[in-house]
Structure formats: C-alpha cells, structure tokens
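Structure, as structure tokens:
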Amino acid sequence: LSAAPYIQEKLGGKIGIGENIKIVQEVFGKIFNEGTEFQRDGSQFDALFTDGMTYRIGNMTAFAMHTPGHTPACMTHVIGDAAFVGDTLFMPDFGTARADFPGGDAGQLWDSIQKVLSLPDEMRLFMCHDYCPGGREVKWETTVAEEKANNIHIAGKTREEFIRIRTERDKTLAMPTLIIPSIQVNIRAGHIPEDKDGNQMLKVPVNKL
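All residue numbers for the sequence shown refer to the working numbering, where the first residue is 5 and numbers rise by one.
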C-alpha cells in the first residue's frame, strides 16, 4: 500500500510511475468493475516514466529503464552507481520476482533482468523486497556481478529454463496478503477509492484473483 501521498504532503515532490500503468489500470479496472469515473490514462500521477527517460532529483541525474514482467508498468531507476530494480531481481539466494499477476510474463521478466544485468558489474542494485531465506538477516543491496554469478534463478540458466522455473514456482505461491486493497489504492497513486457519495470504499472480488 503506497504511502506516496503522505510523503508528498509532508515533503513535496512528484509521484511518478511507468507509463504502462495505463495497461495496469485497464486490466484491474475491469477486475474491480470500476466505472467510467476511474480514469485509465495515468492522470492520477504527476509523472509517467518512459524507457530511457532522464530526470533530475535535486542535483542528481537519473534515468529510467522499462523492466516489465512482474507487471507491465515496472521500471528500474538508475542514479549514479546505484540502480533501484523494483520487482525484477531479488537477493541472489532468493531469485526473482513472480510473474503470474494479470499482465505479468516470465519471458518478459527474463528479458528485463538481462537489461538490468547489462549495467556495469560494479553497479549497486537495491532490492524492492527481501524474504530472508533460511532465516538470515534482511539484506537490500547487491551488485550486477553478484547477481550474474549467484542468482539461483538466473546464473547458468537459459531463457527457456528460467521461464519453466519461474512458471512452476509461481503455481505454488499464494496471493499476497494485502493485494486486493493495495491494487485499488496503488492504481490511484496511493489514494483510497471513494463511492459516488464520497465514502472511502474497497471492493473484494470473490472469484477473480
């Protein structure tokens, strides 16, 4: 559940997302039976990132890489010697993000990961999640070289092998705990949906997700 509006209220700044949020909004707009009042054009966000787009954060220059597979809208953001990889790679001992959500695609995820791994070997990679396999402590940073050498889903694998591994694993995964509210909030840039009377309201599809 995004806290972006709270951070924006306290600190200012803009809320941005990959331009393919429009696809995500279209997909989940149907699943949640959203009416025509729900815009599916990304207009809830202040900025829509495109592949190769550069932008400024204070005195720093950043650029965006479109890295779909987990969802169509996923982006990696590179700032100096650091890349924030979103839901693509996890720490090497856990592998990669799932690709079974609506609009997800294991083949696309492989291609996106190869794009990330084409960055310099010394590039620092910052994770979106860490699941602490084996009960180890939380980790959040690795490098391109470490991922190439040690990632359990990538190292020594072909694209076809990865698709098989990822697809088989995704079949065993439960739905994330807060996925139903988080989708409805996050496709609105972190705002809770309201009904026609202004009451904040979340829907629960029984047989869709």
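Idealized CB from N, CA, C, for every residue including glycine.
Review point. Using DSSP with H/G/I as helix, E/B as strand and the rest coil, what is T171?
Key: Here residue 171 refers to the residue found at position 167 when the sequence shown is read from its first residue. Reduced to three states, the DSSP call for T171 is helix.
Check your understanding: Which whole-angstrom value describes the C-beta separation of A159 and D125, a residue pair presumed to lie in contact below a C-beta threshold of 8 angstroms?
Key -> Reading the sequence shown from its first residue, position 155 is the one you call residue 159. Reading the sequence shown from its first residue, position 121 is the one you call residue 125. 14 angstroms between Cβ atoms; not a contact.
Check your understanding: Going by the beta-carbon positions, is the gap between M2 and G17 smaller than 8 angstroms?
Key -> Only positions 5 to 213 of the chain appear in this structure, which leaves residue 2 out of reach.
**Study point:** Inter-stretch contact at 8 angstroms, needing at least 3 Cβ pairs: the region 110-129 / the region 68-79
**Key:** yes
Review point. Ends of the beta strand (DSSP E) at V82?
Key: Residue mapping note: residue 82 aligns to position 78 of the sequence shown, counting from 1. Looking at the DSSP string, the run of the beta strand (DSSP E) that includes V82 is M79 to I83.
Practice item. Could you please give me the residues that DSSP links to Q204 through a beta bridge? Key: Within the sequence shown, the letter at position 200 stands for residue 204. Its beta-bridge partners are E198.
Review point. What separation, rounded to the nearest whole angstrom, lies between the Cα atoms of E198 and E38?
Key: Within the sequence shown, residue 198 is the residue found at index 194, counting from 1. Within the sequence shown, residue 38 is the residue found at index 34, counting from 1. Looking at the backbone, the Cα of E198 and that of E38 are separated by about 11 angstroms.
Practice item. Mind reading off the beta-carbon distance from I25 to G46? Whole number of angstroms is fine, and I expect it under 8 angstroms. Key: Position 21 of the sequence shown, counted from the start, is the residue given in the question as residue 25. Position 42 of the sequence shown, counted from the start, is the residue given in the question as residue 46. Going by Cβ atoms, the distance from I25 to G46 rounds to 5 angstroms, so yes, they are a contact pair.
**Study point:** Whole-number beta carbon distance between F53 and G20, since they are thought to touch under 8 angstroms
**Key:** Start at 1 with the first residue of the sequence shown, and residue 20 comes out as number 16. Start at 1 with the first residue of the sequence shown, and residue 53 comes out as number 49. Contact holds; Cβ gap of about 6 angstroms.
Exercise for review: Out of G84, D174, V210 and K34, point me to the one whose CA is closest to G73's CA.
Suggested key: Within the sequence shown, residue 73 is the residue found at index 69, counting from 1. Nearest option by C-alpha distance: D174.
Point to revise | Candidates L123, N155 and R102: closest to L113 by CA position | key: Taking the sequence shown and counting its residues from 1, the one referred to as residue 113 is at position 109. Minimum Cα distance to L113 is reached at R102.
Review point. Three or more C-beta pairs closer than 8 angstroms, one from the region 87-96 and one from the region 128-142: is that the case here?
Key: yes
**Study point:** Of the listed residues F42, V82 and A153, nearest to T58 (C-alpha basis)
**Key:** Along the sequence shown, one-based indexing puts residue 58 at 54. Per the Cα distances, V82.
Exercise for review: May I ask you to list the residues that DSSP assigns as paired with G56?
Suggested key: As a position in the sequence shown, residue 56 is number 52, starting the count at 1. Answer is none; G56 lacks a bridge partner.
Review point. Apart from the five residues on each side of it in sequence, which residues of its chain come closer than 8 angstroms, Cβ to Cβ, to E145?
Key: Translated into the one-based positions of the sequence shown, residue 145 becomes position 141. So the qualifying residues of the chain are R128, L129, F130 and M131.
Exercise for review: Note the first and the last residue of the continuous beta strand (DSSP E) segment covering E145.
Suggested key: By 1-based counting over the sequence shown, the position of residue 145 is 141. Taken as a continuous stretch (DSSP letters only), the beta strand (DSSP E) holding E145 covers E145 to T147.
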